[in-house]
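Number of protein chains: 4
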Amino acid sequence: MSSTYSGSIKVSIFGESHSDAIGAVLDNIPAGEKIIFDEIIMQMQRRVPGHNNISTDRKENDIPEVISGILNGYTTGAPVCAIIKNNNVNSEDYKSLKDLIRPGHSDYSANIKYRGFNDKRGGGHLSGRLTAGLTFCGAICRQILEHRGVVIGAHAYSIFDVFDKKFEGNLSDKLLINLSRERFPVIDRNKKEEMMERILQVQKDGDSIGGIIECAIKNIPPGVGAPIFDGVENKISSLIFAIPAIKGIEFGAGFSSAKMRGSQNNDPFVINGGKIATYTNNHGGILGGISSGMPIIFRCAVKPTPSISRPQKIVNIKSKLMQEISISGRHDPCIVPRAVPVVESVAAIALLDLFKEAGLL
Amino acid sequence: MSSTYSGSIKVSIFGESHSDAIGAVLDNIPAGEKIIFDEIIMQMQRRVPGHNNISTDRKENDIPEVISGILNGYTTGAPVCAIIKNNNVNSEDYKSLKDLIRPGHSDYSANIKYRGFNDKRGGGHLSGRLTAGLTFCGAICRQILEHRGVVIGAHAYSIFDVFDKKFEGNLSDKLLINLSRERFPVIDRNKKEEMMERILQVQKDGDSIGGIIECAIKNIPPGVGAPIFDGVENKISSLIFAIPAIKGIEFGAGFSSAKMRGSQNNDPFVINGGKIATYTNNHGGILGGISSGMPIIFRCAVKPTPSISRPQKIVNIKSKLMQEISISGRHDPCIVPRAVPVVESVAAIALLDLFKEAGLL
Amino acid sequence: MSSTYSGSIKVSIFGESHSDAIGAVLDNIPAGEKIIFDEIIMQMQRRVPGHNNISTDRKENDIPEVISGILNGYTTGAPVCAIIKNNNVNSEDYKSLKDLIRPGHSDYSANIKYRGFNDKRGGGHLSGRLTAGLTFCGAICRQILEHRGVVIGAHAYSIFDVFDKKFEGNLSDKLLINLSRERFPVIDRNKKEEMMERILQVQKDGDSIGGIIECAIKNIPPGVGAPIFDGVENKISSLIFAIPAIKGIEFGAGFSSAKMRGSQNNDPFVINGGKIATYTNNHGGILGGISSGMPIIFRCAVKPTPSISRPQKIVNIKSKLMQEISISGRHDPCIVPRAVPVVESVAAIALLDLFKEAGLL
Amino acid sequence: MSSTYSGSIKVSIFGESHSDAIGAVLDNIPAGEKIIFDEIIMQMQRRVPGHNNISTDRKENDIPEVISGILNGYTTGAPVCAIIKNNNVNSEDYKSLKDLIRPGHSDYSANIKYRGFNDKRGGGHLSGRLTAGLTFCGAICRQILEHRGVVIGAHAYSIFDVFDKKFEGNLSDKLLINLSRERFPVIDRNKKEEMMERILQVQKDGDSIGGIIECAIKNIPPGVGAPIFDGVENKISSLIFAIPAIKGIEFGAGFSSAKMRGSQNNDPFVINGGKIATYTNNHGGILGGISSGMPIIFRCAVKPTPSISRPQKIVNIKSKLMQEISISGRHDPCIVPRAVPVVESVAAIALLDLFKEAGLL
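Residue numbers (our numbering), protein chains in the order written: chain A, 4 to 364; chain B, 4 to 364; chain C, 4 to 364; chain D, 4 to 364.
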């Protein structure tokens, strides 16, 4: 029930949407890893709202203050802690919401769990803002993995009814690197405009939409992971649900494999230049919970942002009355583009954890 | 990288497909819980192969020997350990396969991980047979949850292209209880025959098919779970991938929510007889990682069994030669019906863990 | 290998002696607990150096900035994070020591572990200063335990050859409360002066001395803890060695029991006012790893501070030369009095963890 | 609160004194390690009672049935599970004790914890018999460590008032190897007879005595372990209290360091044949929680067996009456010799765990 991930590496996420700061501790990572601060900033900026007209107005510069664990650009082996100040706090917006149970939000479930003592301002500890800490940790994990040749990239595979291409079998490092540096990454650039249109349209309606993010991790050697409880799928899925809006995850062919025959879904191994590999990748780079050496591929479903300005039915937990109200405030009509770097970050955390367990750090 | 689950409750799964026995240890469960042995047997029998013409010929009676932790029908508070003998072992089948890398199997990834020392007979520790231990533990967890009013049931939501009904909002305890006692549970009984036909047809072709299992957990009080790393979705998804064939999981509306508008996906809360609830359940009973009091609903994708008798391209890891061969042996053309009780069992383990963390045991 | 404690409650300690700040995250504690900030300060001030002539000159006000997890004086249920600034940093002292391996310090072992990348200034992450974070977390845990009637107190049982009284069987709450508020707590006040004399004398010699701290925890109900790995002794001992100077721990009669007969060491149970208890407490309140309801008593050995100004033989890890040098810097001739609140804090963390596991929170 | 150790390696101990069997699961150890079964048996036989006139009459051959995880003499990488049958069960002895609270035993604390449902026969899960599982796991861990040059040995440093020599600075591998193969290991062979005399004498009196076990671990490279929560002391101490009779532990000079000056306690580093080392070893091979490369030395206090046949005051938990009775049954007058291999085993588990964390497996 905690916000501390205790795998082979440890991640502790703290803070509340309107507390003084949020932040994270990343622990049990190797000493002597070169960390480029600008790369951390770049990843965090991809997540930051306020860069265009399709995200919340809350403007946070989200420059992390690294308090410990990095000295002269190298990890010291001690826990890395960073603080991210909450500057653009507007608690007034939420005061009127204190006793209201909004649909799609955790108002009710959190209220019961914390017996009303949770910080309700801006969603408190359950706010999507907390993913800034995940992104910080992920940005460091990613750099440590990059030192070992690993490349991670994701894209908006779909937004509402607009679909980008899927990752193909012969996935280039370059594609992933490019995607991992964009604010609204898609493979087929033509689709981006169409996706933007859908978002702007739904925003005009005071509504929101969801989508699917597809992520690939390349150059993972075979033999990483384990059967039963600590496999690659277990790790990634367990961590991916740390992102509030995610409601599903699939690896490789995923749910489509349920409609396939074995002869179709099985990826034949071949010897390719002395190396064992598969051409197709329905298994998403994972067999028996263990990496096969092929790219690890997963897709996750992002639900439409629950915060919408259209009038909705709402329950007051104190008065026990129902009412229909419009919620003002600062909302994203579609969280998908900003969630892409968070998905990549979570993938980086999961993989670094698996590397540590496999003795590869 | 271990076969030990270390949540608030602990599960240790041991054994190999052709070792003397397989088994499990279930630890940190409360003392004084009445355990009906016949109910354990019943659940394990749902998973056992050999009951009809659509499962492997390997016949195992799978009667667990409870070695400790239960005395006079009650848990003692000490770890419950059970041994399940491997009787119907036919290692000859696999000898010829020792150096072969079959498509869809973990032969290659496991060979690398264990440097060739893994027990390859029948898939060794990575065999689907290990889910018998999960089912044993799940059967006990389920009984402990039942003492607290919880009901768990799942069904074959789809097999290949044949779809059963989905769980509806007003889900009765009775439906779940009935499903949880059947060998091939479906909601719409007419679909069962059609599903069987598909399986028999594909079997005739020497092929296999997959499907989707839908599971519901009722009467979980609101407030169970947590944001970020230890939420209901994190726990269930992390454990569900302990089942070898699972390639995806979604909660509530899941991947469909990616195609929805917020106004459509948000489940409005209402006051219903003084109780706060939602009519629709797109959120699958989970908001912010915390239970809402509505049924917890998830679906998981089961890939087609990789073992098929049709000729397939195979690589010999020693000779580095490719060949096309037909693999004889004892295979399931569709693992879905036998996987249903395992999915329910994993759900029971996850929920008991969450109950323990929430101080409800 | 991490600085994250992952029991039922989680503690993450971060920072380095000369980094911007040190701090801690305390996670998975209950919501709605009243936290008096002044009590935290009071405990942290007991640990702070610079209050008298027997501690290091490094002056740190050690006022923690609580960043999250406490709102309007109550825990919100989210992780509590506090930052403690490093103000009085004097890195010059240590520059000349960078390549030197001092006796009694972790210079060598840490240098190997971190491959030279560890922050060596002031001992970096291995500095005794990091116990400020433990004290912060312990101060909160203590308050939560106090809400449930628990009282924790410790005293300097010995310093070098001067011995205070031991805790007796009929230990009053008041004694513990008084001890837990003093800077140099002893039971027999006459001994304090004698202890001070020893410290001042050894300081004059440029040397240091150690001692023994005795700690008692009262009003723990019977039934807390567990056999084998998670008993009261396992938890406390595991956490007590988080304090750098501790080299031994014993519970109840401890090492003396090794010289006793069973008939002498066994504490007979009696019925006392309808309550089951023992008069003597050789078992230190723990039987089979589980609390007996009697006070939990332990003593831990504090080694003399390794930092002394007397000339010592030292190895230069780069030049591989030995030399004899005097180390200037700011040292405590005896760390015992300042370690007392840290021992109490660690006891509070251990017990809160055990309470959580026992379902008592 | 569980009997599952979840470090980098996992150990699960199950069974009850009079259940069908006891046993253990050892998980997350490397594949391909040669395991000599006779060495396991040898270690377990050192622990087995009934070999001489100073241990309980309960005769158990304690030959473990290895169920999984070892194939053709090598670890497969899957969990190793072993079952040890309980043959010589004499439950009649204990029936009359069911409601009695014996001094020095966990009858009361366990009764409260398990609400009376614990298996009380022979101490149930809290019996010293459970250390057979620890010894099994330790015997495997020891062999894996031996493949990497590590040697572990312990001796009865004291029994009551008879003291053996302590380990010296220049400790030979051979001494440790010899000790690790004896049933009643001492350094000074003359002391053994004297110790035996004390035991026989106290047995005649219907009483029992305790003692101190000293253990050394050689050839641990520097850099293993960590500061704060996961150091060598934290690990060993946390695991050593899994042995029911242990009431204290100290490392290196331990409690004696509390009576030393820093100049005396500090072990100067020297360059010895190009290698950095210390001549003295007051630090017990651990500085800052990290190994220094010197032998790791610890001593632990074993309390006198609580089971004695002399009349003792006892409380009946049902009738709430006190009575004085003599407890018949099968008791050890001194558990020290049989505990030596268990202490070594626990040390092996702790060190293998630290090796795994340090990436040395």
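Don't be surprised by glycine CBs; every beta carbon is placed ideally from N, CA and C.
Spatial distance of glycine 291(B) from isoleucine 246(A) (CA atoms) | When rounded, the distance between both Cα atoms is 9 Å.
Buried or exposed (CB count within 10 angstroms, at least 16 for buried), proline 225(C) | It is buried - the Cβ of proline 225(C) has at least 16 other Cβ atoms within 10 Å.
Proximal residues to phenylalanine 174(A) (C-beta, below 7 Å), its chain only, five neighbours per side dropped = Looking at the sequence provided, one finds leucine at residue 174(A) rather than phenylalanine. Closer than 7 Å at Cβ, skipping near neighbours: Ala219, Lys221 and Pro298.
How long is the line joining the alpha carbons of serine 9(A) and isoleucine 190(A), rounded to whole angstroms?
-> Approximately 35 Å, taken between the alpha carbons.
For asparagine 193(D), name the three-state secondary structure that DSSP assigns.
-> DSSP, reduced to helix, strand and coil, places asparagine 193(D) within a helical segment of the structure shown.
Assuming isoleucine 252(D) and valine 305(D) make a contact with CB atoms under 8 Å, what is their CB distance in whole Å?
-> Between isoleucine 252(D) and valine 305(D) a beta carbon distance of about 11 Å is seen, past the 8 Å cut, so the two are scored as non-contacting.
Is there a Cβ from chain B that is less than 9 Å from the Cβ of threonine 138(D)?
-> No, its Cβ sits nowhere closer than 9 Å to a Cβ of chain B.
Using the beta-carbon of each residue, which ones in chain D are nearer than 7 Å to serine 5(B)?
-> The answer, in chain order, is Lys13, Asp30 and Asn31.
So is leucine 148(D) in contact with chain A if we call contact Cβ pairs under 9 Å?
-> The beta-carbon of leucine 148(D) is placed no less than 9 Å from the nearest beta-carbon of chain A.
Whole-number beta carbon distance between alanine 24(C) and isoleucine 87(C), since they are thought to touch under 8 Å = Yes, they are in contact, since the Cβ atoms of isoleucine 87(C) and alanine 24(C) sit about 6 Å apart, within 8 Å.
Which residues DSSP lists as bridging methionine 199(C), in chain order = According to DSSP, residue pairing for methionine 199(C) in a beta bridge does not occur.
Could you give the DSSP three-state label for glutamate 360(D): helix, strand or coil?
-> In this structure, glutamate 360(D) counts as helix in the three-state DSSP scheme.
Are the stretch 270 to 285 of chain C and the stretch 117 to 130 of chain D touching, with three or more C-beta to C-beta distances below 8 Å?
-> In short, these stretches do not touch, since the Cβ pair count stays below three.
Where do the ends of the beta strand (DSSP E) carrying asparagine 319(A) lie?
-> Element bounds for asparagine 319(A): 315 to 319.
Option nearest isoleucine 243(A) by Cα separation, candidates Lys359(B), Ala248(B) and Gly234(B) | The residue among Lys359(B), Ala248(B) and Gly234(B) with its C-alpha nearest the C-alpha of isoleucine 243(A) is Gly234(B).
Between the stretch 183 to 201 of chain C and the stretch 305 to 318 of chain C, do at least 3 Cβ pairs fall closer than 8 Å?
-> For the pair of segments examined, the stretch 183 to 201 of chain C was found not to touch the stretch 305 to 318 of chain C: the number of CB pairs separated by less than 8 Å stays below three.
Which runs of the alpha helix (DSSP H) fall wholly inside the stretch 207 to 258 of chain C and span at least 4 residues, in chain order?
-> As far as the stretch 207 to 258 of chain C is concerned, its whole alpha helix (DSSP H) runs of at least 4 residues are 235 to 243.
Selected residue, minimal CA-CA separation from proline 52(C), among Pro336(C), Leu357(C) and Lys359(C) = When only C-alpha atoms are compared, the closest one is Pro336(C).
If you drop the 5 nearest sequence neighbours on each side, which residues of the same chain put their C-beta closer than 6 Å to that of serine 348(B)?
-> Scanning its chain for C-beta atoms nearer than 6 Å, with the 5 sequence neighbours on each side dropped, one finds around serine 348(B) the residues Leu137, Thr138 and Gly141, in chain order.
List the endpoints of the continuous alpha helix (DSSP H) containing methionine 45(A).
-> Per DSSP, methionine 45(A) belongs to the alpha helix (DSSP H) from 40 to 50.
Are there 16 or more other CB atoms within 10 angstroms of the CB of asparagine 90(B), so buried, or fewer, so exposed?
-> By the Cβ-count criterion, asparagine 90(B) is exposed, with fewer than 16 other Cβ atoms from all chains shown falling within 10 Å of its own Cβ.
Which of the three DSSP states, helix, strand or coil, is assigned to valine 205(A)?
-> Taken through DSSP and simplified to helix, strand or coil, valine 205(A) comes out as helix.
Residue range of the beta strand (DSSP E) that phenylalanine 272(D) falls in?
-> For phenylalanine 272(D), the enclosing beta strand (DSSP E) stretches over residues 272 to 275.
Looking at the structure shown, is alanine 280(D) part of a helix, part of a strand, or coil, going by DSSP?
-> In this structure, DSSP gives alanine 280(D) an extended state, which the three-state scheme calls strand.
Please state if the CB of isoleucine 66(B) and the CB of cysteine 144(B) are separated by a distance shorter than 9 Å.
-> Contact: no.
Output the distance between the C-alpha atoms of threonine 79(C) and isoleucine 73(C), rounded to the nearest integer angstrom.
-> Distance from the CA of threonine 79(C) to the CA of isoleucine 73(C), rounded to the nearest whole angstrom, comes to 6 Å.
Could one say the Cβ of histidine 128(B) lies closer than 9 Å to chain D's Cβ atoms, at least one of them?
-> With a threshold of 9 Å between beta carbons, histidine 128(B) makes contact with chain D.
Taking DSSP as the reference, what is the three-state secondary structure of isoleucine 299(D)?
-> DSSP places isoleucine 299(D) in strand when its eight states are reduced to three.
Cutoff 9 Å: asparagine 284(C) Cβ touching any chain D Cβ | No, its Cβ sits nowhere closer than 9 Å to a Cβ of chain D.
Are the stretch 40 to 49 of chain C and the stretch 98 to 111 of chain A touching by the rule of at least three beta carbon pairs closer than 8 Å?
-> These segments do not touch.
The beta strand (DSSP E) spanning lysine 13(B) covers which residue range?
-> For lysine 13(B), the uninterrupted beta strand (DSSP E) segment begins and ends at 13 to 18.
Chain-ordered neighbours of leucine 364(B) on chain C, where CB pairs are closer than 9 Å | Residues of chain C whose Cβ lies closer than 9 Å to the Cβ of leucine 364(B) are, in chain order, Gly362.
Closer than 8 Å, Cβ to any Cβ of chain C: which residues of the stretch 111 to 123 of chain A, in chain order?
-> Here the close residues are Lys116, Tyr117, Arg118, Gly119, Phe120, Asn121 and Asp122.
Please list, in chain order, all residues of the same chain as histidine 286(A) whose beta carbon is under 6 Å from its beta carbon, the five residues on each side excluded.
-> Excluding residues within five positions, the ones whose Cβ falls inside 6 Å are Gly255 and Asp270.
Note down, in chain order, all residues in the stretch 201 to 216 of chain D with a beta-carbon under 7 Å from any beta-carbon belonging to chain C.
-> Cβ contacts with chain C: Val205, Asp210, Ser211, Ile212, Gly213, Gly214 and Ile215.
Any idea what DSSP makes of histidine 158(A), helix, strand or coil?
-> Note: histidine 158(A) maps to strand in three-state DSSP.
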